[in-house]
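Q: Per my numbering, the very first residue in the sequence shown carries number 10; after that it's consecutive.
Yeah, the Cβ is synthetic: ideal placement off N, Cα and C, and Gly gets one too.
Predicted model, so just to flag it, every value in this text is computed and none were measured.
After the structure tokens below, expect a handful of questions from me.
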Amino acid sequence: MLEGPRTDRAPRDPAFALTGSHIVVCVAGGIAAYKAAELVRMLDKAGATVHVAMTARAQKFVTPMTFQALTRRPVFTDLFNLTEEATIGHIQLADRADLVIVAPATANSIARLANGMADDAVSAMVLATRAPVLIAPSMNVNMWNHPLTRENLAKLVSVAKYQVVGPGDGFLACRWTGPGRLAEPADIVEAAATLLSTQDLAGKKLVVSAGPTYEAIDPVRFVGNRSSGKMGIALAAAAKRRGADVTLILGPSAVPPPIGVTTNNVETAAQLQWALENASKGADAIIMTAAVADYRPASEAKEKLKRGALGQKTAIELVANPDVLAELGRARKGTTPLLVGFAAETEDLIENARKKLESKQVDLIVANDVSEPNAGFAVDTNHVQLVDHDEVTDVPPASKAEVAHRILDKIVMMFGEERAPRGKAKPKAVAAAKPAKPQKLLAAKSTGKAKKRR
Ligand code: PMT
Numbered sequence: 010m011l012e013g014p015r016t017d018r019a020p021r022d023p024a025f026a027l028t029g030s031h032i033v034v035c036v037a038g039g040i041a042a043y044k045a046a047e048l049v050r051m052l053d054k055a056g057a058t059v060h061v062a063m064t065a066r067a068q069k070f071v072t073p074m075t076f077q078a079l080t081r082r083p084v085f086t087d088l089f090n091l092t093e094e095a096t097i098g099h100i101q102l103a104d105r106a107d108l109v110i111v112a113p114a115t116a117n118s119i120a121r122l123a124n125g126m127a128d129d130a131v132s133a134m135v136l137a138t139r140a141p142v143l144i145a146p147s148m149n150v151n152m153w154n155h156p157l158t159r160e161n162l163a164k165l166v167s168v169a170k171y172q173v174v175g176p177g178d179g180f181l182a183c184r185w186t187g188p189g190r191l192a193e194p195a196d197i198v199e200a201a202a203t204l205l206s207t208q209d210l211a212g213k214k215l216v217v218s219a220g221p222t223y224e225a226i227d228p229v230r231f232v233g234n235r236s237s238g239k240m241g242i243a244l245a246a247a248a249k250r251r252g253a254d255v256t257l258i259l260g261p262s263a264v265p266p267p268i269g270v271t272t273n274n275v276e277t278a279a280q281l282q283w284a285l286e287n288a289s290k291g292a293d294a295i296i297m298t299a300a301v302a303d304y305r306p307a308s309e310a311k312e313k314l315k316r317g318a319l320g321q322k323t324a325i326e327l328v329a330n331p332d333v334l335a336e337l338g339r340a341r342k343g344t345t346p347l348l349v350g351f352a353a354e355t356e357d358l359i360e361n362a363r364k365k366l367e368s369k370q371v372d373l374i375v376a377n378d379v380s381e382p383n384a385g386f387a388v389d390t391n392h393v394q395l396v397d398h399d400e401v402t403d404v405p406p407a408s409k410a411e412v413a414h415r416i417l418d419k420i421v422m423m424f425g426e427e428r429a430p431r432g433k434a435k436p437k438a439v440a441a442a443k444p445a446k447p448q449k450l451l452a453a454k455s456t457g458k459a460k461k462r463r
């Protein structure tokens, strides 16, 4: 019987999923082999200990020296090389790995792996390891579409330890256009981080709003604010990494939304409210990071307003937008969905956050002093306080990605608590946070037959 993936390693802090991990990157012989160098560099930069195994054909595209220089470690190329086996025995590497990545995985290598071959550095590593194996296919579009390739890949993923990332669609080196491009190294890195993260939001549906809203004055001008969308996008990406089903309602933003997250682009507060209402059905939590414009012009001019026609002094009449979060709080029956608001403040941070917690009838306010340097609007870092009905918790200054994970830690804890309806009274009892649901890869049980003495 085929062994499942290893179950003896604790899931990692999702904010630092790759730090301190052992990853073996297996490079097969395809033109995308050069992109494996960038992948290895990114994994190394993220704090992983990276080893590289290469097939003989891969060495025709990139030399082992490239990977040796990037990893500062010998590269595993020959199963029958006495020196290599003495220094980095392939079974030792396979055992120590937290994750094995095959990138690029060519049609040939997928066929070989699917048939349990183990006669070169890559196939032996993949067969021997009990770590999860992430396959990143890359090949000609017709090879990719061939039923035998599909059958081989289906055979691989029917075994619990194998997962696939990509391929991407586009112009291929063989001059065909279509699916077959190696997934972008950043996407492979994210898939790797997901595989190594705790999946404590698996089975949860989260809706996150992000970015500003633009309220039109005329066809070219608008009332808006400085939100870049970075904080909300970081939250959506972090929740996705932890296994949640995430919908992102995104105002105008130059930041690309995360892969694997359903994104609804909106422009105005009214559009945001409509999209949020639709997305919120069955949601377990709604996180309102968006900087929704409180007011909009009473009317929108059909044509561009002319400077001459407005004179030296003019005024724009504004009307109030709905308070989307407060309406969600008012409409909520019971305690689901969990409602999380932000408070962008420039004074009396905690006092104002507490007022919003009560007036909007929500469970948690992320208080953000936007006058603090390197916090709030548009920057890549943030410093927030988590204000709930019981306590205030400081989240120290960090990247928006890390801050997002600390906010989600709190949300995971709150999912495990019994909350009073509408969050007005104190919770009656505090239960332990629900244990993380094991992800597909980590769920399969080992037979225990192949235990190795250390
Ligand atoms: O996008 P970035 O550049 O990364 O910046 C991040 C951020 C500063 C925008 C973010 O961290 C933040 O603080 N978001 C909340 C901005 C805001 O509108 O705060 P507020 O205090 O005005 O609103 C309180 C809450 O009510 C917010 O959750 C807001 O989404 C919501 N609201 C506000 C007005 C409105 N009409 N409807 C709402 O639902």
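For E367, tell me which candidate among V217, K214, H398 and P346 has the shortest Cα-Cα distance.
A: Here residue 367 is taken as the residue at index 358 of the sequence shown, counted from 1. Among V217, K214, H398 and P346, the Cα nearest to that of E367 belongs to H398.
Q: Residues in its own chain within less than 8 Å of N151 by CB, not counting five upstream and five downstream?
A: Looking up residue 151 in the sequence shown gives position 142. Closer than 8 Å at the Cβ level, and outside the excluded window around N151, lie W185.
Q: Quick check: the segment 198-210 against the segment 275-291, are there 3 or more CB pairs under 8 Å?
A: As far as the Cβ criterion goes, the segment 198-210 does not touch the segment 275-291, which means the pair count is below three.
Q: Pairs of beta-carbons, one from the segment 409-416 and one from the segment 385-401, closer than 8 Å: are there three or more?
A: The answer is yes - the segment 385-401 touches the segment 409-416, with three or more Cβ pairs under 8 Å.
Q: Out of A112, P346 and A310, which has the shortest C-alpha to C-alpha gap to G38?
A: Position 29 of the sequence shown, counted from the start, is the residue given in the question as residue 38. Per the Cα distances, A112.
Q: Taking its Cβ as the centre, do 16 or more other Cβ atoms sit within 10 Å of P430, making it buried, or is it exposed?
A: Numbered from its first residue, the sequence shown carries residue 430 at position 421. So P430 ends up on the exposed side.
Q: Rounded to whole angstroms, what's the CA-CA distance from R415 to F351? Just pull it up for me.
A: Residue 415 sits at position 406 when you count from the first residue of the sequence shown. Residue 351 sits at position 342 when you count from the first residue of the sequence shown. Each residue's Cα considered, the two are about 14 Å apart.
Q: What are the uninterrupted segments assigned as alpha helix (DSSP H) that are 4 or more residues long and contained completely in the segment 327-408, given in chain order?
A: If we require 4 residues or more, the alpha helix (DSSP H) runs fully inside the segment 327-408 come out as 333-340 and 358-368.
Q: If I measure Cβ to Cβ from L79 and keep anything under 7 Å in the same chain, skipping five residues before and after, which residues do I get?
A: Numbered from its first residue, the sequence shown carries residue 79 at position 70. The residues are A46, V49, R50 and D53.
Q: With a cut-off of 8 Å on the beta carbons, I'd call G338 and Q370 a contact; round off their distance for me.
A: In the sequence shown, the residue the question calls residue 338 occupies position 329. In the sequence shown, the residue the question calls residue 370 occupies position 361. Right, their Cβ atoms sit about 3 Å apart.
Q: Does M51 come out as helix, strand or coil in the three-state DSSP assignment?
A: Your numbering for residue 51 matches position 42 in the sequence shown. Residue state, collapsed to three classes: helix.
Q: For the segment 136-183, list the alpha helix (DSSP H) runs that are entirely contained and at least 4 residues long, ordered along the chain.
A: Here the runs fully enclosed are 150-154 and 156-166.
Q: Hey, how far is the Cα of Q101 from the Cα of V393?
A: As a working note, residue 101 is residue 92 in the sequence shown. As a working note, residue 393 is residue 384 in the sequence shown. So the alpha carbons of these two residues sit roughly 44 Å apart.
Q: Is any heavy atom in the ligand PMT found nearer than 8 Å to the beta carbon of K213?
A: In the sequence shown, the residue the question calls residue 213 occupies position 204. The answer is no for K213.
Q: If we count the other Cβ atoms within 10 Å of its Cβ and call it buried at 16 or more, is R159 buried or exposed?
A: Taking the first residue of the sequence shown as 1, we reach residue 159 at position 150. Per the 10 Å Cβ criterion, exposed.
Q: Might you give, ordered along the chain, the residues of its own chain that have their beta carbon closer than 7 Å to the beta carbon of L108, omitting 5 neighbours on each side?
A: Counted from its first residue, the sequence shown places residue 108 at position 99. The answer, listed in chain order, is S30, I32, A140, P141, L143, A201, L204 and L205.
Q: Confirm the yes/no value for this check: CB of F7, any heavy atom of the ligand PMT, distance under 8 Å.
A: One cannot answer for residue 7 here, as it falls past the ends of the chain, which runs 10 to 463.
Q: Once the 5 residues before and after P20 are set aside, which same chain residues still bring their CB inside 6 Å of it?
A: Here residue 20 refers to the residue found at position 11 when the sequence shown is read from its first residue. Answer for P20: T207, listed in chain order.
Q: In three-state terms, what does DSSP make of S206?
A: Locating residue 206 in the sequence shown gives position 197, counting from the first residue. S206: strand per DSSP, three-state reduction.
Q: Would you mind giving the Cβ-Cβ distance between P188 and D178, rounded to the nearest angstrom? I have them listed as a contact below 8 Å.
A: By 1-based counting over the sequence shown, the position of residue 188 is 179. By 1-based counting over the sequence shown, the position of residue 178 is 169. Rounded, the Cβ-Cβ distance is 5 Å, consistent with contact.
Q: To which residues does DSSP link M63 through a beta bridge?
A: Translated into positions along the sequence shown, residue 63 becomes position 54. DSSP, once it has assigned bridges, lists V36 as partnering M63.
Q: Cβ-heavy atom distance between G385 and the ligand PMT below 8 Å?
A: Locating residue 385 in the sequence shown gives position 376, where the first residue counts as 1. Yes, Cβ of G385 sits closer than 8 Å to a heavy atom of the ligand PMT.
Q: Compute the minimum distance between the beta carbon of V393 and the heavy atoms of the ligand PMT, and state whether it is under 8 Å.
A: Reading the sequence shown from its first residue, position 384 is the one you call residue 393. Yes; taking the cut-off as 8 Å, the Cβ of V393 has a heavy atom of the ligand PMT nearer than that.
Q: Looking only at its own chain, which residues have a Cβ that is under 7 Å from the Cβ of A42, when we skip the five neighbours before and after it?
A: To locate residue 42, count along the sequence shown from 1; it is residue 33. Excluding positions up to five away in sequence, the list reads V36, A67, F70, V71 and P113.
Q: Say the cut is 8 Å; is the CB of T80 nearer than that to a heavy atom of the ligand ZN?
A: Here the bound small molecules are the ligand PMT; the ligand ZN is not part of this structure.
Q: When you measure from the CB of V301 to every non-hydrogen atom of the ligand PMT, does any distance come out below 8 Å?
A: One-based indexing of the sequence shown puts residue 301 at position 292. Yes, Cβ of V301 sits closer than 8 Å to a heavy atom of the ligand PMT.
Q: Does the beta-carbon of P267, which I'm using as the reference point, lie nearer than 8 Å to any heavy atom of the ligand PMT?
A: Numbered from 1 along the sequence shown, position 258 holds the residue referred to as residue 267. No, the beta carbon of P267 sits no closer than 8 Å to any heavy atom of the ligand PMT.
Q: Contact between the segment 291-306 and the segment 319-338 is defined here as three or more beta-carbon pairs at a separation below 8 Å; is this criterion met?
A: They touch, by the three-pair rule.
Q: Can you give the Cα-Cα distance for A362 and L348, rounded to whole angstroms?
A: The residue labelled residue 362 in the question sits at position 353 within the sequence shown. The residue labelled residue 348 in the question sits at position 339 within the sequence shown. Cα-Cα distance, rounded: 14 Å.
Q: For a test of your reading of the model: does the CB of V216 fall under 8 Å from any non-hydrogen atom of the ligand PMT? Yes or no.
A: Position 207 of the sequence shown, counted from the start, is the residue given in the question as residue 216. No, the ligand PMT has no heavy atom inside 8 Å of this Cβ.
Q: Comparing the CB of E360 with every heavy atom of the ligand PMT, is any distance shorter than 8 Å?
A: Position 351 of the sequence shown, counted from the start, is the residue given in the question as residue 360. No, the ligand PMT has no heavy atom inside 8 Å of this Cβ.
Q: Can you tell me whether DSSP reads P113 as helix, strand or coil?
A: For the purposes of this step, residue 113 is identified with residue 104 of the sequence shown, where counting begins at 1. Reduced to three states, the DSSP call for P113 is strand.
Q: Rounded to the nearest angstrom, what separates I226 and V232 at their Cα positions?
A: What you label residue 226 is simply residue 217 of the sequence shown in a count that begins at 1. What you label residue 232 is simply residue 223 of the sequence shown in a count that begins at 1. Between I226 and V232, the C-alpha separation is close to 7 Å.
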